[in-house]
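Here the structure comes first, spelled out in C-alpha coordinates, and everything after it is commentary.
In this note's numbering, the protein residues as written are 1349 to 1664.
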(Lines of atoms letter the chains of each structure in order from A and count residues from 1; the text may use other names and numbers.)
(Lines give C-alpha, C1' and ligand atoms only; values in the text may rest on other atoms or scores of the structure.)
Protein backbone atom coordinates (compact mmCIF):
# COMPACT_ATOMS: atom_id res chain seq x y z
CA UNK A 1 0.00 0.00 0.00
CA UNK A 2 2.83 2.36 0.92
CA UNK A 3 4.46 1.74 -2.50
CA UNK A 4 1.18 2.68 -4.15
CA UNK A 5 1.01 5.95 -2.26
CA UNK A 6 4.64 6.69 -3.22
CA UNK A 7 3.89 6.13 -6.90
CA UNK A 8 0.76 8.28 -6.67
CA UNK A 9 2.76 11.00 -4.92
CA UNK A 10 5.39 10.94 -7.65
CA UNK A 11 2.73 11.19 -10.35
CA UNK A 12 1.08 14.13 -8.62
CA UNK A 13 4.39 15.89 -8.05
CA UNK A 14 5.53 15.61 -11.65
CA UNK A 15 3.02 18.08 -13.12
CA UNK A 16 3.74 20.56 -10.31
CA UNK A 17 7.44 20.51 -11.18
CA UNK A 18 6.67 20.84 -14.87
CA UNK A 19 4.59 23.93 -14.17
CA UNK A 20 7.54 25.86 -12.70
CA UNK A 21 7.28 29.19 -14.58
CA UNK A 22 9.92 29.84 -17.18
CA UNK A 23 11.94 33.05 -17.14
CA UNK A 24 10.71 35.78 -16.96
CA UNK A 25 7.24 34.66 -15.88
CA UNK A 26 8.05 34.05 -12.20
CA UNK A 27 7.85 37.71 -11.15
CA UNK A 28 9.15 41.23 -11.76
CA UNK A 29 12.72 41.84 -12.85
CA UNK A 30 14.51 44.40 -10.67
CA UNK A 31 17.20 46.67 -12.09
CA UNK A 32 19.24 48.27 -9.32
CA UNK A 33 20.47 51.77 -10.16
CA UNK A 34 23.47 52.86 -8.12
CA UNK A 35 22.54 56.54 -8.03
CA UNK A 36 19.47 58.60 -7.01
CA UNK A 37 16.33 59.28 -9.02
CA UNK A 38 16.85 61.99 -11.64
CA UNK A 39 20.52 61.18 -12.16
CA UNK A 40 21.96 60.25 -15.54
CA UNK A 41 22.03 56.58 -14.50
CA UNK A 42 18.41 56.66 -13.35
CA UNK A 43 16.98 58.33 -16.45
CA UNK A 44 18.70 55.96 -18.88
CA UNK A 45 17.86 52.87 -16.79
CA UNK A 46 14.16 53.70 -16.92
CA UNK A 47 14.32 54.00 -20.70
CA UNK A 48 15.94 50.58 -20.86
CA UNK A 49 13.45 49.02 -18.42
CA UNK A 50 10.48 50.18 -20.52
CA UNK A 51 11.99 48.72 -23.67
CA UNK A 52 12.95 45.42 -22.03
CA UNK A 53 9.44 45.00 -20.65
CA UNK A 54 7.99 45.22 -24.16
CA UNK A 55 10.58 42.82 -25.57
CA UNK A 56 9.97 40.28 -22.79
CA UNK A 57 6.27 39.96 -23.53
CA UNK A 58 5.09 42.52 -21.01
CA UNK A 59 7.11 41.19 -18.06
CA UNK A 60 7.48 43.79 -15.32
CA UNK A 61 10.92 45.40 -15.30
CA UNK A 62 11.22 47.72 -12.31
CA UNK A 63 13.97 50.20 -11.47
CA UNK A 64 15.07 50.50 -7.84
CA UNK A 65 17.46 53.24 -6.73
CA UNK A 66 20.02 51.97 -4.22
CA UNK A 67 22.56 54.80 -4.06
CA UNK A 68 25.55 55.33 -1.83
CA UNK A 69 29.29 54.71 -1.41
CA UNK A 70 30.09 55.30 -5.08
CA UNK A 71 27.87 52.37 -6.10
CA UNK A 72 29.06 49.91 -3.43
CA UNK A 73 25.64 49.65 -1.72
CA UNK A 74 23.87 48.65 -4.93
CA UNK A 75 26.61 46.27 -6.05
CA UNK A 76 26.59 44.48 -2.68
CA UNK A 77 22.82 44.13 -2.78
CA UNK A 78 22.68 42.60 -6.26
CA UNK A 79 25.68 40.31 -5.69
CA UNK A 80 23.86 38.82 -2.69
CA UNK A 81 20.69 37.98 -4.67
CA UNK A 82 19.76 34.63 -6.20
CA UNK A 83 21.38 34.23 -9.65
CA UNK A 84 18.12 33.67 -11.54
CA UNK A 85 17.86 36.77 -13.73
CA UNK A 86 15.35 38.62 -11.57
CA UNK A 87 17.94 40.83 -9.83
CA UNK A 88 20.11 42.91 -12.17
CA UNK A 89 22.41 45.89 -11.78
CA UNK A 90 22.73 48.89 -14.10
CA UNK A 91 26.45 48.37 -14.27
CA UNK A 92 29.12 50.88 -15.28
CA UNK A 93 32.85 51.57 -15.05
CA UNK A 94 32.06 52.16 -11.36
CA UNK A 95 32.38 48.43 -10.69
CA UNK A 96 36.13 48.96 -11.17
CA UNK A 97 36.53 52.44 -9.70
CA UNK A 98 34.59 51.54 -6.55
CA UNK A 99 36.62 48.37 -6.04
CA UNK A 100 40.02 49.93 -6.69
CA UNK A 101 39.25 52.91 -4.43
CA UNK A 102 38.68 50.48 -1.56
CA UNK A 103 34.92 50.98 -1.11
CA UNK A 104 33.86 47.57 -2.46
CA UNK A 105 35.30 44.29 -1.09
CA UNK A 106 34.89 42.41 -4.40
CA UNK A 107 35.41 43.17 -8.09
CA UNK A 108 33.63 42.51 -11.38
CA UNK A 109 34.14 38.74 -11.05
CA UNK A 110 31.09 38.62 -8.74
CA UNK A 111 28.84 39.32 -11.74
CA UNK A 112 28.03 37.86 -15.14
CA UNK A 113 28.07 40.45 -17.90
CA UNK A 114 24.73 40.51 -19.78
CA UNK A 115 25.11 43.34 -22.31
CA UNK A 116 26.52 46.83 -22.74
CA UNK A 117 23.75 49.27 -23.59
CA UNK A 118 25.14 52.76 -24.11
CA UNK A 119 28.15 55.02 -23.88
CA UNK A 120 28.37 58.44 -22.28
CA UNK A 121 31.06 61.08 -22.57
CA UNK A 122 32.18 62.68 -19.30
CA UNK A 123 32.14 66.45 -19.78
CA UNK A 124 33.48 69.42 -17.90
CA UNK A 125 30.84 72.13 -17.54
CA UNK A 126 30.48 75.62 -16.14
CA UNK A 127 27.55 78.01 -15.70
CA UNK A 128 26.24 79.59 -18.88
CA UNK A 129 27.39 83.04 -17.79
CA UNK A 130 30.87 81.89 -16.72
CA UNK A 131 33.90 83.93 -17.77
CA UNK A 132 35.49 80.70 -19.05
CA UNK A 133 34.51 80.15 -22.68
CA UNK A 134 36.92 77.26 -23.37
CA UNK A 135 38.76 74.57 -21.44
CA UNK A 136 41.99 76.47 -22.11
CA UNK A 137 40.51 79.52 -20.32
CA UNK A 138 39.70 77.44 -17.25
CA UNK A 139 43.09 75.70 -17.25
CA UNK A 140 44.96 79.00 -17.55
CA UNK A 141 43.04 80.37 -14.57
CA UNK A 142 43.67 77.17 -12.56
CA UNK A 143 47.40 77.50 -13.23
CA UNK A 144 47.48 81.18 -12.26
CA UNK A 145 45.84 80.55 -8.89
CA UNK A 146 46.44 76.96 -7.70
CA UNK A 147 43.61 75.50 -5.60
CA UNK A 148 41.55 78.61 -6.30
CA UNK A 149 38.90 76.83 -8.43
CA UNK A 150 36.45 74.21 -7.18
CA UNK A 151 35.25 71.35 -9.40
CA UNK A 152 32.32 69.16 -8.36
CA UNK A 153 32.00 65.44 -9.07
CA UNK A 154 29.68 62.54 -8.17
CA UNK A 155 31.63 61.27 -5.17
CA UNK A 156 35.04 60.01 -4.10
CA UNK A 157 36.19 57.23 -6.42
CA UNK A 158 33.36 57.80 -8.92
CA UNK A 159 34.04 57.83 -12.65
CA UNK A 160 33.52 61.60 -12.75
CA UNK A 161 35.96 62.07 -9.86
CA UNK A 162 38.64 60.02 -11.60
CA UNK A 163 37.96 61.84 -14.88
CA UNK A 164 38.36 65.20 -13.16
CA UNK A 165 41.61 64.25 -11.43
CA UNK A 166 43.00 62.80 -14.66
CA UNK A 167 42.01 65.93 -16.61
CA UNK A 168 43.72 68.39 -14.31
CA UNK A 169 46.76 66.16 -13.90
CA UNK A 170 47.10 66.26 -17.70
CA UNK A 171 46.61 70.03 -17.87
CA UNK A 172 48.91 70.89 -14.99
CA UNK A 173 46.22 72.97 -13.32
CA UNK A 174 45.55 72.54 -9.60
CA UNK A 175 41.90 72.61 -8.52
CA UNK A 176 39.93 71.55 -5.45
CA UNK A 177 37.81 68.44 -6.10
CA UNK A 178 34.44 68.57 -4.35
CA UNK A 179 32.56 65.25 -4.09
CA UNK A 180 28.76 65.32 -3.92
CA UNK A 181 25.98 62.78 -4.13
CA UNK A 182 25.25 62.65 -7.87
CA UNK A 183 21.84 64.33 -7.56
CA UNK A 184 23.48 67.36 -5.92
CA UNK A 185 26.25 67.97 -8.48
CA UNK A 186 24.31 70.09 -10.97
CA UNK A 187 22.41 72.13 -8.33
CA UNK A 188 25.77 72.87 -6.70
CA UNK A 189 27.00 74.36 -9.97
CA UNK A 190 23.84 76.36 -10.63
CA UNK A 191 23.84 77.61 -7.04
CA UNK A 192 27.44 78.78 -7.24
CA UNK A 193 28.76 76.33 -4.64
CA UNK A 194 31.38 75.13 -7.13
CA UNK A 195 32.95 76.79 -10.16
CA UNK A 196 32.74 73.82 -12.54
CA UNK A 197 31.66 70.19 -12.59
CA UNK A 198 32.73 66.99 -14.31
CA UNK A 199 29.54 65.11 -15.03
CA UNK A 200 27.80 62.82 -17.52
CA UNK A 201 25.71 64.64 -20.13
CA UNK A 202 22.27 63.16 -19.40
CA UNK A 203 22.15 65.04 -16.10
CA UNK A 204 23.10 68.31 -17.83
CA UNK A 205 21.19 68.20 -21.13
CA UNK A 206 18.17 70.27 -20.06
CA UNK A 207 20.37 72.98 -18.52
CA UNK A 208 22.60 73.09 -21.59
CA UNK A 209 19.58 73.58 -23.86
CA UNK A 210 18.27 76.40 -21.66
CA UNK A 211 21.68 78.12 -21.62
CA UNK A 212 22.18 77.72 -17.87
CA UNK A 213 25.17 75.45 -18.38
CA UNK A 214 28.04 75.50 -20.90
CA UNK A 215 30.04 72.42 -21.84
CA UNK A 216 33.75 73.16 -22.25
CA UNK A 217 35.01 69.73 -23.30
CA UNK A 218 34.17 66.05 -23.64
CA UNK A 219 36.70 63.69 -22.07
CA UNK A 220 36.69 61.05 -24.81
CA UNK A 221 38.97 60.07 -27.69
CA UNK A 222 36.87 61.48 -30.54
CA UNK A 223 34.02 63.96 -30.75
CA UNK A 224 30.79 62.35 -29.54
CA UNK A 225 28.01 62.23 -32.20
CA UNK A 226 25.55 62.97 -29.40
CA UNK A 227 27.53 66.16 -28.59
CA UNK A 228 28.64 67.37 -32.01
CA UNK A 229 29.31 70.94 -30.89
CA UNK A 230 31.45 70.01 -27.89
CA UNK A 231 35.19 69.72 -28.62
CA UNK A 232 37.16 66.98 -26.91
CA UNK A 233 39.90 67.73 -24.40
CA UNK A 234 42.33 66.18 -26.90
CA UNK A 235 41.26 68.64 -29.59
CA UNK A 236 42.19 71.39 -27.15
CA UNK A 237 45.61 69.94 -26.42
CA UNK A 238 44.94 67.87 -23.30
CA UNK A 239 45.35 64.09 -23.63
CA UNK A 240 42.47 62.73 -21.53
CA UNK A 241 40.01 60.04 -22.66
CA UNK A 242 37.75 58.26 -20.15
CA UNK A 243 34.49 57.26 -21.85
CA UNK A 244 31.79 55.90 -19.54
CA UNK A 245 29.66 52.90 -20.47
CA UNK A 246 26.50 51.51 -18.94
CA UNK A 247 25.18 47.98 -19.18
CA UNK A 248 23.43 45.17 -17.37
CA UNK A 249 25.08 42.57 -15.14
CA UNK A 250 23.64 39.72 -13.08
CA UNK A 251 24.89 37.81 -10.03
CA UNK A 252 27.57 35.24 -10.84
CA UNK A 253 26.13 31.89 -11.88
CA UNK A 254 23.00 33.14 -13.65
CA UNK A 255 21.93 30.40 -16.12
CA UNK A 256 23.11 30.92 -19.69
CA UNK A 257 19.57 30.67 -21.19
CA UNK A 258 18.46 33.48 -18.85
CA UNK A 259 21.47 35.61 -19.83
CA UNK A 260 20.62 34.96 -23.50
CA UNK A 261 16.97 36.00 -23.00
CA UNK A 262 17.99 39.23 -21.26
CA UNK A 263 20.68 39.95 -23.84
CA UNK A 264 18.16 39.53 -26.68
CA UNK A 265 15.66 41.90 -25.05
CA UNK A 266 18.40 44.47 -24.44
CA UNK A 267 19.66 44.22 -28.02
CA UNK A 268 16.20 44.85 -29.48
CA UNK A 269 15.66 47.77 -27.11
CA UNK A 270 19.06 49.38 -27.70
CA UNK A 271 18.70 49.07 -31.47
CA UNK A 272 15.14 50.47 -31.58
CA UNK A 273 14.50 53.95 -33.07
CA UNK A 274 12.54 55.02 -29.98
CA UNK A 275 15.46 54.26 -27.66
CA UNK A 276 17.92 55.99 -29.99
CA UNK A 277 15.78 59.14 -30.15
CA UNK A 278 15.34 59.27 -26.37
CA UNK A 279 19.08 58.80 -25.86
CA UNK A 280 19.88 61.57 -28.34
CA UNK A 281 17.80 64.01 -26.31
CA UNK A 282 19.85 63.09 -23.25
CA UNK A 283 23.23 63.47 -24.94
CA UNK A 284 24.09 59.75 -24.79
CA UNK A 285 24.12 57.13 -27.51
CA UNK A 286 23.26 53.43 -27.74
CA UNK A 287 26.26 51.11 -28.03
CA UNK A 288 24.98 47.55 -27.67
CA UNK A 289 27.59 44.89 -26.98
CA UNK A 290 26.76 41.18 -26.39
CA UNK A 291 27.57 39.32 -23.20
CA UNK A 292 30.88 37.69 -24.14
CA UNK A 293 32.39 40.82 -25.72
CA UNK A 294 31.11 42.97 -22.86
CA UNK A 295 32.82 40.68 -20.33
CA UNK A 296 36.11 41.11 -22.21
CA UNK A 297 35.69 44.90 -22.21
CA UNK A 298 35.04 45.00 -18.45
CA UNK A 299 38.18 42.93 -17.75
CA UNK A 300 40.33 45.07 -20.06
CA UNK A 301 39.06 48.37 -18.67
CA UNK A 302 39.40 47.16 -15.09
CA UNK A 303 43.13 46.76 -15.62
CA UNK A 304 43.38 50.16 -17.32
CA UNK A 305 41.40 51.96 -14.61
CA UNK A 306 43.55 50.32 -11.95
CA UNK A 307 46.62 51.71 -13.74
CA UNK A 308 45.15 55.22 -14.02
CA UNK A 309 44.00 55.25 -10.40
CA UNK A 310 47.46 54.13 -9.28
CA UNK A 311 49.04 56.98 -11.26
CA UNK A 312 46.78 59.64 -9.79
CA UNK A 313 46.91 58.30 -6.25
CA UNK A 314 43.35 57.01 -5.91
CA UNK A 315 44.02 53.25 -5.84
CA UNK A 316 43.89 51.62 -2.41
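Just so you know, even glycine gets a beta-carbon here, dropped at the ideal spot from N, CA and C.
Which of helix, strand or coil DSSP assigns to residue 1591: coil
contact_flag[the region 1462–1471, the region 1555–1571] where n(CB pairs < 8 Å) is 3 or more: yes
Cβ shell of residue 1364 (< 7 Å), same chain only, five flanking positions each side left out: Because the pLDDT at residue 1364 is just 48, under 50, the model does not fix this residue reliably, and the value given afterwards should be weighed accordingly. Cβ within range, chain order: n/a, list empty.
Given residue 1519 as reference, the closest of 1588, 1542, 1603 and 1619 once Cα atoms are compared: 1588
Three-pair Cβ contact test at 8 Å for the region 1595–1615 versus the region 1397–1404: yes
Backbone CA spacing between residue 1462 and residue 1422 [nearest angstrom]: 17 Å
9 Å Cβ cutoff met for residue 1575 and residue 1482: no
Backbone secondary structure at residue 1491 - three-state DSSP: helix
Helix, strand or coil at residue 1634 according to DSSP, with G and I counted as helix: strand
Test item: CB-CB of residue 1561 and residue 1475 under 9 Å: yes
Rounded separation between residue 1540 and residue 1434 - CA only: 42 Å
Under the three-state DSSP convention, the category residue 1524 falls into: strand
Burial state of residue 1602 (16 or more Cβ within 10 Å): buried
Same chain, Cβ closer than 6 Å to residue 1572, neighbours up to 5 away in sequence not counted: 1469 and 1566
Between the CA atoms of residue 1407 and residue 1374 - distance to the nearest angstrom: 9 Å
Rounded separation between residue 1652 and residue 1445 - CA only: 11 Å
Any beta strand (DSSP E) of 3 or more consecutive residues that is wholly inside the region 1426–1482: 1435–1440, 1459–1468 and 1471–1475
Assumed close pair residue 1441, residue 1593 - CB separation to whole angstroms, cut-off 8 Å: 6 Å
Minimum length 3: unbroken beta strand (DSSP E) runs contained in the region 1501–1570: 1524–1527, 1544–1547 and 1561–1566
For residue 1502 and residue 1496, the rounded distance between their alpha carbons: 20 Å
Cα-Cα separation between residue 1509 and residue 1607, rounded to whole angstroms: 32 Å
Cα-Cα separation, residue 1436 to residue 1493: 46 Å
CB-CB length for residue 1556 against residue 1545, believed under 8 Å: 12 Å between Cβ atoms; not a contact.
Span separating the alpha-carbon of residue 1543 from that of residue 1500: 8 Å
Outcome for residue 1625 when other beta-carbon atoms lying within 10 angstroms are tallied against a minimum of 16: exposed
Three-state secondary structure assigned by DSSP to residue 1409: strand
Outcome for residue 1655 when other beta-carbon atoms lying within 10 angstroms are tallied against a minimum of 16: exposed
Residue 1419 vs residue 1443 beta-carbon contact at 9 Å: yes
Backbone CA spacing between residue 1532 and residue 1485 [nearest angstrom]: 25 Å
Per-residue DSSP class, three states only, for residue 1378: strand
DSSP state of residue 1607 mapped onto helix, strand, coil: helix
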